Every structure is written in structure tokens, then in C-alpha cells.
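For the sequence shown, the numbering used here gives the first residue as 7, with consecutive numbering after it. Virtual Cβ for every residue (Gly too), placed ideally from N, Cα, C. A quick note: this is a predicted structure, and the numbers were derived from the prediction, not measured.
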Amino acid sequence: MANRWNRNSWTEDDQFLKNFSVGFDQPYSHSSLRGGRDPYTRTGRLSIPDLPEVKQRLHRIIAKKFTEMRPLCWVEMHTPYYPFYEDIDIIGTNCKEDDPPESLLMNSKEFWNLRAEILHQLFPEVRCLELTLYKASGWNVQKGINKASFHTVWSQLIVDKERAETVRKTTVSEFERLSVNGPLKELAKRLKRVNDCNSWNAIFDVTSVNGGSCRMPFNDKIANGEPEGRPILPVGVWTFTFDDRHDEPWFQQVHVPGDLRAEEWLERGTVRVPPDRALTQFRALKSGWKTAPPADMWKPSPYSSHRQRQNKGAKKMKSQADKWEAQQRRRRRYFNGTPQKFKWWIGNSTSESLCSFAADWLLGDEHGLESTLLPKAHQRTGKKWCWSSKRLKGAVEISEEGEVFIQGNEAQQNELLQLVRQFTEEWTGPTPKATKKVLQNIQNRRNAAAGRR
């Protein structure tokens, strides 16, 4: 452990990276999936200036370490406005010898055309969309499955978090609709045959919207404390050109992996842009745009306006309920083991009332001296434990059944989620429903916030 801090063996590049390490109470632009065990930062956080010369050197170092088979495991925090990016995942088999099911999407013209068409409908001013595609497919150690994992960056589409959420929800809704009797019907069936978990809602991973960060190209994931062997690698660059004469875009591949240097692929994959970049002009997508009838085929009833006003309030309530319930699912994860089994990660705690969490190891708190895991009883839900650390704000609640619940404000939730995702799985169990009382409390908080403004 001490050897990693022996500066005598460090190169200039190592010292360059170490210079950007910051404390837990400081803003940061990058973080390490190794947490406090990263050799370049004791906190797992770095603040790297968005200066061209700094980014160029950073990208050169990342590329060099990858070629030396010593990849970094860093993620980049996106700026308030950022290029729209996605994580597209397909779950495969639990047989390690099988190939990841990449070909299902790579060989599907319908998938990529429709994905680009929906984006063009949402951002109509962009007549030629450019897709930079990466992949990180392979064996997922934590889940014990083969996984086809794609990472897309649409660099012309500058969004904020709210707009990115709208784009994802619209995409999932349209892909589900077009999978019933539309052009995606057969592809949807093939995806389900590979694994029943492959719904469009799961394939377009919500983490890319909620997480606030993405793994950088040529950076690996961490599994059981070591690189997993699934770095993000370039696949190519495609353009989708739209005009008024054709129903579908004209697309072509303009770059293959060997066309560009690693540093150029890193630059294409960045999700940080200068503060003067403006949001791309956006419009909401009307349902059924792909198969909508001519406008003169439908005329509103003279008696429909009153009903529409009644429905407007109900739709608003449903939208609030859906958003709240989605937040509840996002804040939950699944840990395959009891709270006591968390001790396995460091193997040094013996007390049942005070033991260390897997996060201690990632935070560099090897002996769990700066964290607690205390039991708490709940009349309706049974015994649970609450983990907290002096190194992070917020807390994590875990039940005997493995349900992990993230507590804290939005910034604290994002930070804790980034930590626990490294050794937990997606929560597929039940979540609380939005009652009238919950929705009323949400509305009261919004009214109070509006009054303060």
C-alpha cells in the first residue's frame, strides 16, 4: 500500500495526474472508480482544468497507460450543458464462453436509423447528425453474465439534465410503440429471446441520465478491486443526413477505429464543454410521429375542450407520480448478501453492531474507522442497517433482503450511487407508490421554493 505513494518511483506523468487530487469538500471534474485506493488521489476525486493544453496531456497519458496495459479507471463529470450521450446495454447469457450479443444492434439498420430519426425530430435544426460509437462489451463479473455495452456520443446535441431525461423517455416510449407492429417488432423479439430482461427501458440505461458522469474512453471498470477487462473502446463514427425528399436518413461510416489517434477518440468522448456553449434548439415529439395520419383526417369535437381541461390536471398529477416513483427506483440498488457480509470486503470487523461497508474499501478507509453501520428497527419493514462515513455526506440504508436505499439530497445521492454501483446490481423489486399525500408534499415544497424566488 505504501509503495504507491513512493514518489521516487513516479514519472512526470504520474506527478501531473497527482497534482489534480482534491479533498472531499471541494468541487471536482473527474473521479476514480477505485475511490481512495487510486494511486493518484486519496479521495477518489480530481479537479482537472478544462484547458486545451491540460486536456491534451491528460488524453495522451490515458492513451499511454492503456497501451502499457495499466489503464486508468476514471469517469468524467459532465458540465451543466453537455453533449448528449447514452449507455445502451444488452444482457446476454450466463455462459462465459458465449460471445456478447453485440451483433443484434451492430447489424440492425432499423435500430440506428430510428434512433437517429427520433433525435432529428427532437432537434430538427441539425440536418446531419454525427454519432461517435464506443463499446465495452464482455463478461460482467458482478452479475455473472455476458453483456453487450455501447456508449454513444452525439456531440452536436448540447443538452442539460432535464432535456436529456426527456430525450431518453421519448426514445423508450417510441421504441416500445414501434415494437408492437412496427419496424422494431422482430428486433424486440430477438432481444427478448436472448434474455427476457432486454426491454427498451433497460437497454437505454437510465444511469447515463441520472449519474452525472460517464466513463472515459480507454478506461476500465473495477470488479473486486481490480480492472474488469471491459475498457471503453472506439467502434467508429457515422453520419445521418436528413432532407425533405426521403423518409429515412442517408447514413455512412466516416471513421473506423484506426483512422483516429487514441487522443482524438478521447476528445470525441468528452462530456465537458465550455460555459459559452448554448443548448441545441429542441422541440417536444408528438406521439405517433412515425405513423401519424394526415391532419385533415381528425377534427376536434366541439364538446372536447371541457374534457381536455379536466384531463390536463389528471395528466399533471400522473406525470408527477411517475417522476417520483422513478426517483424512488433510481435510489435503490441490490446487494447480493446480508449486511454482515459487507465485512468480507475488508475482513477486519468483528462487531455485529458496528462494522465496515464495502464502500470503506473504495474510499480508502481500509479499517472502517471513519464509517459506521448501525442497526435500525422499523415497525413495518423490519430490521435494517444504516451506513454513513465521515468522508461523504448522505447515508446508505440496507435491509437483510439486500435492498440498498440511498439517502441525502440530489448531489449526495449521485455521489453515493456512483460508489455503490461498483458492487451492487439494479434493483428490480417493488418501490413505494406516490400517494396523494406524497404528491401534495411535493407541490407544497415547489410552492414554497417559488415563493422564496
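Can you tell me whether residue i is buried or exposed, with buried defined as 16 or more other CB within 10 angstroms of its CB?
{"i": "K382", "result": "exposed"}
{"i": "S325", "result": "exposed"}
{"i": "R283", "result": "exposed"}
{"i": "T441", "result": "exposed"}
{"i": "S394", "result": "buried"}
{"i": "S377", "result": "buried"}
{"i": "W256", "result": "exposed"}
{"i": "G235", "result": "exposed"}
{"i": "P89", "result": "buried"}
{"i": "Q446", "result": "exposed"}
{"i": "A170", "result": "buried"}
{"i": "N146", "result": "buried"}
{"i": "G218", "result": "buried"}
{"i": "R488", "result": "Absent from the model: residue 488. The displayed extent of the chain is 7 to 459, so no value can be given."}
{"i": "V410", "result": "buried"}
Nearest to residue i by alpha carbon, out of the options?
{"i": "E270", "options": "I228, F224, E234", "result": "F224"}
{"i": "F30", "options": "A268, G42, Q21", "result": "G42"}
{"i": "I412", "options": "L39, L375, Q333, K443", "result": "Q333"}
{"i": "G264", "options": "P255, G275, L239", "result": "L239"}
{"i": "Y34", "options": "K71, L57, M83, E59", "result": "M83"}
{"i": "S143", "options": "G408, N152, E74, E331", "result": "N152"}
{"i": "H65", "options": "S185, C134, V81", "result": "V81"}
{"i": "E421", "options": "K24, N25, T49", "result": "T49"}
{"i": "A401", "options": "M75, G414, K390, C203", "result": "G414"}
{"i": "S185", "options": "E171, N204, T172, K167", "result": "N204"}
{"i": "A122", "options": "M75, E180, P436", "result": "E180"}
{"i": "P233", "options": "W391, E432, C79, F72", "result": "C79"}
{"i": "R336", "options": "P281, Q424, E406, Q258", "result": "Q424"}
{"i": "P107", "options": "N450, D250, A154", "result": "A154"}
{"i": "A268", "options": "G343, K70, D44, D19", "result": "K70"}
Please state the DSSP three-state secondary structure of residue i.
{"i": "S5", "result": "In the structure as shown, the chain begins at 7 and stops at 459. Residue 5 is therefore absent and cannot be evaluated."}
{"i": "L39", "result": "coil"}
{"i": "R63", "result": "helix"}
{"i": "G144", "result": "strand"}
{"i": "L163", "result": "strand"}
{"i": "W330", "result": "helix"}
{"i": "Q259", "result": "strand"}
{"i": "S155", "result": "strand"}
{"i": "W80", "result": "strand"}
{"i": "R289", "result": "coil"}
{"i": "L266", "result": "coil"}
{"i": "R338", "result": "strand"}
{"i": "L52", "result": "strand"}
{"i": "S311", "result": "Low confidence applies here, because S311 scores a pLDDT of 46, under 50, leaving its location unreliable; read the following figure in that light. Residue state, collapsed to three classes: helix."}
{"i": "D19", "result": "helix"}
{"i": "P299", "result": "Any reading at P299 needs caution, since the residue's pLDDT is 34, under 50, leaving its predicted position unreliable; the model's value is listed next. It is coil, neither helix nor strand."}
{"i": "W271", "result": "helix"}
Assuming the contact rule is C-beta atoms closer than 8 angstroms, residue i and residue j should be a hit. Round their C-beta distance to whole Å, please.
{"i": "I67", "j": "F129", "result": "Rounded, the Cβ-Cβ distance is 34 angstroms, inconsistent with contact."}
{"i": "Y91", "j": "V279", "result": "Their Cβ separation, rounded to whole angstroms, is 12 angstroms, which puts Y91 and V279 out of contact at 8 angstroms."}
{"i": "G408", "j": "F341", "result": "5 angstroms"}
{"i": "I190", "j": "L120", "result": "Note that residue 190 is Leu in the sequence shown here, rather than Ile. Their Cβ separation, rounded to whole angstroms, is 7 angstroms, which keeps L190 and L120 in contact under 8 angstroms."}
{"i": "Q162", "j": "T286", "result": "7 angstroms"}
{"i": "T138", "j": "V165", "result": "Contact flag wrong, Cβ pair sits at about 16 angstroms."}
{"i": "I124", "j": "T73", "result": "Going by Cβ atoms, the distance from I124 to T73 rounds to 37 angstroms, so no, they are not a contact pair."}
To test your reading of the DSSP string, which unbroken alpha helix (DSSP H) runs of 4 or more residues are found completely within the region 173-256? 191-200, 206-209, 213-216
Ignoring anything shorter than 3 residues, give me the beta strand (DSSP E) runs that lie fully in the region 373-452, in order along the chain. 377-382, 390-395, 398-405, 409-413
List in chain order: all unbroken alpha helix (DSSP H) runs of 4+ residues lying wholly within the region 83-141. Listed in chain order, the complete alpha helix (DSSP H) runs (minimum 4 residues) inside the region 83-141 are 109-112, 115-128.
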